[in-house]
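Each number in this note's numbering corresponds to the 1-based position in the sequence shown with 148 added.
Taking it in order: structure first as structure tokens, then the write-up.
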Amino acid sequence: MDTLSMFAEAFQYPYPGQIDALHAQTKELKDTPAERELSKFVEKIVPLSLSEQEELFTRTLDLSPLSAPYVGYHVWGESYKRGEFMAALNKEMKELNVDLDGELPDHLLPILRYLHATATPMPELMSVLDQSLNSMIKSLKKGEEHNPYVHLFEALAFSFGAVKIEA
């Protein structure tokens, strides 16, 4: 499994065996800052029951607008520019048959699937991805400094630096 698919799985709603699979896949990152952050995420999630993982996921990624994993929201808020961005992303994703999995096109899950599926990502996406990830990390640290998802977001940010996706 490649790095982008691994992160897409990590940002899915918790399911049985997810963390064990993620733990096994962290070794693919081979002692990088991304691997260290991902290992910290796994280490903090493992002791939680599945229902506790579900509650944490929902509290962190669904109910909190500060850490909501919507790239466009962290850059433009609810402005018209975000709508244009999502429309363009949606068009690109449909052409590549990327499953939105019930999410808006600027959610990290379909974005990671899109980046895995395309050889030429939208320049508009690549120009705001780092900014939005940094905003998500900063907001989550401010609100819940010890939340395990801080490590997942940081691992993803480090990974994008290592993956060097070209726009």
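Note that CB positions come from ideal geometry on N, CA and C, so glycine has one too.
All figures in this text were calculated on a predicted structure; none of them were measured in a lab.
Beta-carbon spacing of residue i, residue j below 9 Å
| i | j | result |
| --- | --- | --- |
| Ala265 | Leu244 | yes |
| Tyr163 | Leu211 | no |
| Ala303 | Ala182 | yes |
| Gly220 | Ser280 | yes |
| Asp254 | Gln160 | no |
| Leu256 | Tyr218 | yes |
| Glu191 | Thr151 | no |
| Gln173 | Met154 | yes |
| Thr208 | Glu292 | yes |
DSSP-derived helix/strand/coil call for residue i
| i | result |
| --- | --- |
| His299 | helix |
| His264 | helix |
| Val311 | Confidence is the limiting factor: at Val311 the pLDDT is only 41, short of 50, which leaves the residue's position unreliable, though a coordinate-based value still follows. In the structure shown, Val311 sits in a helix (DSSP, three-state: H, G or I). |
| His255 | strand |
| Thr151 | helix |
| Gly231 | helix |
| Phe176 | Sequence inspection shows Glu at residue 176; the Phe mentioned does not correspond to that position. In the structure shown, Glu176 sits in a helix (DSSP, three-state: H, G or I). |
Closer than 9 Å to chain D by CB, residue i
| i | result |
| --- | --- |
| Ser187 | Any reference to chain D falls outside this structure, which holds one protein chain only. |
Output the residue ranges of the alpha helix (DSSP H) runs that lie fully inside the stretch 198-222 and measure 4 residues or longer, sorted by chain position.
198-205
Okay, do the stretch 175-189 and the stretch 292-302 touch, 3+ Cβ pairs below 8 Å being the bar?
yes
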